[in-house]
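Chains as they are written, first to last, in my numbering: chain A, 9 to 554; chain B, 9 to 554. Even glycine gets a Cβ: it sits at the ideal position worked out from N, Cα and C. Computed from a predicted model, the values in this text were never measured in an experiment.
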């Protein structure tokens, strides 16, 4: 068996290592265009920012290790420029010498990755305008950053934001421009608001719903013109507006591509040619929840796919379950994370869904240092199956999203979340964990015990006539409330029922939803038509930032 | 409906709150023997140690809240002394006035909790010898601690250890005595070793396999005599050797008790009397995994049970799924946690099991601040179903145990753990999360790709003839290795196969198991009889501390 792997980062390196473990006999040739196979690309922003000091640390599996330990034939700085499927050979070009040669394969794994997209902006090829893909990009950016006073980042996705954090950490005045009306476009907008606020408070200039129309170069550096008319002088531009699959080789070889350019594969990561597999950021796989085609450039799935491709090549019945899209970003000590479907994805798919918000502490409130978080969970109104979740806040967000990611993988429902038994000691959680709370809120809605309305629904015509009822204390009410709300503290509610209308629906709310829930129960049992505002005033504030 | 609840802490308070949400009409009377219903008992050690400064913070739901918000009839400092099942009344005694009276009920929920066990040691009733159950105990201990220079703690369970940490934090010389040969008896011994080391390094004197035979009082304070012969002068003794269910009321009422004294209940938390429910630390429930009877005094299950009892009383089809035993303790910044079955529990039950060890970083090793942990997972050799897991280390242990707790709840297998997609950014995890790694190790064993032996098996006669092979570098080998091991680095292994015996089994190992796995694969494919030592030298060291 001769296995040729094109691309030596996450997917390719995983495939190579797994292949060697499955076969000592196989000849395994690994081609890598860059100088370093298997580098930690998720660490690049932190290397640029100086958080990761040693460049060596980013070399997860140095060449010597791949050669000595895994007995791989590693060819770096070598680009594969053609595949001859009939002859089962590839053509490689040594980038140092220009030499071209052919290499035969029995099985071929494509793991070429994805390249940063460069929008057709005049000036985008100027010196000082960068993208970030590999270690040599990072080296260049690190050097440039050291000399820069001002930076402009185009693109408010995870990498753009991580770069913004790191540049600010270097004392660079940083402006971030994003075409959408929110940062982190995969997340629902309201969930991004706490991070947006954090970025602003750290001095990052955010320009949402804006874009770059032109970049020019002058004596004092670069000038960036925005669609909004603004002009920004800068020393450095980072373009980080997503990636495109490296599909040229596959396309030239006649392998089918998806609509967005990803190499199409089956559940064994096989392309239409059974001797050619493809893995990682270059492929179109399918969504774990919806089974719809998807392209998600994440390291975890790339690693799994590489492993699976090797498994299948060596006769294992391995099947890819689809990509769940679990992702996380840490910025200035805050965290945003998601798994499964966002609400906007569900809406795009026309998928019926409900959603629950909670705003719990990450551990028992009575123990010092509790940080708050917001969790939003989507679930099926039919059977309560969990469709997705998002979290934002401080410590412990990653844990709750991981727990829900596991629940989704297992096909659990919101009713199961009521019952799961998680770690509780005051430093780690609560006797009713935030995940249990999500289960309570969603199950209550589905059982009809706890009818809820969402902030975005509140503004629809259905609810325009409703009486909004703030059941917090007068003091909380005075500090800020939903317009036109009536204030009756939940503790006085039973005595003041006569003040409430019986001829129109009531929407109760409190700070996070708990007291509003009790108020809803009280009013329901007294014959009122009532719903609770999901997540209370805290959620409302995420939709209506001050 | 008149609902009477006896005991106002976790289970009772949860039942009362849930009952009120389900019924505005119900008359709900809550009896509490102490002064404070619904206090945070898991916070008491931290209140004594001063970590939690405000006593008020421990009052999770003060009386006024229960009265005003939940419209409960709360009667504190009132002990229920008898149940008349035929008449459906209870007899209550006001502890302040001595007044006794009867109260009728339609439904009764017993949530009396458990009392600290006091072993029959001469002197155990002396002033200065304490147990810790409620806020008044905590108040007494807090005051005494302030005046104490030396303390002796009997019992190395979670509470004893938390108290040790807090007393040491107050500058008190602390000795901890435990009858077993390990601290934290619910955990497997090797998993407790890193915590044991931490305690010792913080100056706590540990006396394992020892006990107190007598406590005497003299002019200079207390004297504690140990079975080992040692005598310790001390100012304070805390007895923390487990709890006993408060079952007197139930027993007098003729309600069946389990072998260990817990009130027996069905899956609706009903006792043999359908009008009497029991919840919390006083009940015998069943284990989620084995369906065997169990008594687990934990706050999470108590809360769930309280909620379920109320649900069932008000006509919901709620069923308790059993207690999974998820528990955690944080000590000096280290964490130990478990969920499901420990290995000793599996052995006690005669349950066939396999186990996997991993020693990963809590986040990407290339990002600064990575802390290591040890995870041990038990699984079924038949179908790979996860039976239990334990973790010990620094940050991120709680997350992994919570993920596995969720997987257990869902009935997932080790093969599922290979596939779950968890959060990865360098600050939070790795592209192959520690939980995925557990999946790889266990699945490899079950598929036959990665035969393993455990440290404790290594010492059995089956393996006494085996050639132990250390595949780490000579430098690592020189720093410490398993006796009689041969050292051939994995990177040289293919060239040095002739040095290895073909007439007896080989046990490979490395530092944590990864290189040993590759070595096993290499040797297997070259026809050797070989197994990998699960978790490598790091696991071996946990069984053979320096």
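Under the 8 Å Cβ criterion, the segment 116 to 132 of chain B counts as touching the segment 250 to 262 of chain B, having at least three qualifying pairs. When DSSP states are grouped into helix, strand and coil, residue 190 of chain B belongs to the coil group. Under the 8 Å Cβ criterion, the segment 422 to 434 of chain B counts as touching the segment 403 to 422 of chain A, having at least three qualifying pairs.
In the three-state reduction of the DSSP assignment, residue 478 of chain B falls in the strand class, which pools E and B. Under the 8 Å Cβ criterion, the segment 92 to 108 of chain A does not count as touching the segment 176 to 190 of chain A, having fewer than three qualifying pairs. With a contact defined as Cβ atoms closer than 8 Å, residue 248 of chain B and residue 161 of chain B qualify at about 6 Å. Pairing residue 300 of chain B with residue 308 of chain B, the inter-Cα distance amounts to about 19 Å.
The beta carbon of residue 305 of chain A sits closer than 6 Å to those of 122, 251, 289, all from its chain and outside the five residues before and after it, given in chain order. Using a Cβ-Cβ cut-off of 8 Å, residue 498 of chain A is close to 77 of chain B, given in chain order.
Per DSSP, residue 181 of chain A is one residue of the beta strand (DSSP E) stretching across 181 to 185.
In this structure the segment 166 to 174 of chain B does not touch the segment 261 to 280 of chain B; the number of beta carbon pairs closer than 8 Å is below three. Its chain contains 476 as the residues whose beta carbon lies nearer than 7 Å to that of residue 492 of chain A, once the 5 sequence neighbours on both sides are disregarded; these appear in chain order.
Shown here for residue 234 of chain B: same chain residues with a beta carbon closer than 8 Å to its own, the five before and five after excluded, namely 185, 215, 218, 219, 220, 221, 240 in chain order. In this structure residue 89 of chain B is exposed. Its beta-carbon is surrounded by fewer than 16 other beta-carbon atoms within 10 angstroms. Using beta-carbon distances, residue 395 of chain B does not count as an interface residue toward chain A, since no partner is under 8 Å. The beta carbon of residue 427 of chain A sits closer than 8 Å to some beta carbon of chain B. Every unbroken stretch of the alpha helix (DSSP H) spanning 4 or more residues and falling wholly within the segment 50 to 123 of chain A is given here in chain order: 52 to 56, 71 to 76. Proximity of chain A to residue 311 of chain B at the Cβ level (cut-off 7 Å) is accounted for by 439, 440, in chain order. With its beta carbon at least 8 Å from every one in chain B, residue 81 of chain A lies outside the interface. Listed along chain B, the residues sitting closer than 7 Å to residue 65 of chain A by beta-carbon distance are 374.
For residue 269 of chain B against residue 343 of chain B, the beta-carbon gap comes to about 31 Å, at or over 8 Å, which does not count as contact. The continuous beta strand (DSSP E) containing residue 161 of chain B extends over residues 158 to 162. Below the 9 Å Cβ cutoff, chain A contributes 404, 407, 430, 431, 433, 435, 436, 437 as neighbours of residue 406 of chain B, in chain order. Here the segment 46 to 55 of chain A does not lie against the segment 98 to 107 of chain A, with fewer than 3 beta-carbon pairs under 8 Å apart. Taken through DSSP and simplified to helix, strand or coil, residue 147 of chain B comes out as helix. Runs of the beta strand (DSSP E) lying entirely within the segment 476 to 546 of chain A, each at least 3 residues long, are 514 to 517, 538 to 541 in chain order.
Those residues of the segment 533 to 553 of chain A placed with their C-beta closer than 8 Å to a C-beta in chain B are 533, 534, ordered along the chain. The segment 200 to 216 of chain A and the segment 385 to 403 of chain A touch, with three or more beta-carbon pairs separated by less than 8 Å.
At a beta-carbon threshold of 9 Å, the residues of chain B lying near residue 526 of chain A are 25, 28, 29, 77, 78, ordered along the chain.
Apart from sequence neighbours up to five positions away, the residues of its chain that approach residue 350 of chain A with a beta-carbon distance below 8 Å are 194, 195, 196, 386, 396, 398, ordered along the chain. Shown here, residue 125 of chain A sits in coil according to DSSP, grouped into three states, outside any helix or strand. Around the beta carbon of residue 293 of chain B, a 10 Å sphere encloses 16 or more other beta carbons of the protein chains shown; the residue is thus reported as buried. Take the alpha-carbon of residue 312 of chain A and the one of residue 444 of chain B: they are about 10 Å apart. Excluding residues up to 5 positions away in sequence, 458, 459, 460, 461, 515, 516, 517, 521, 524, 525, 527, 528 lie with their Cβ nearer than 8 Å to the Cβ of residue 540 of chain B in the same chain.
Ranking A:13, A:144, A:341, A:44 by CA distance to the CA of residue 436 of chain B puts A:341 first. In the three-state reduction of the DSSP assignment, residue 462 of chain A falls in the coil class.
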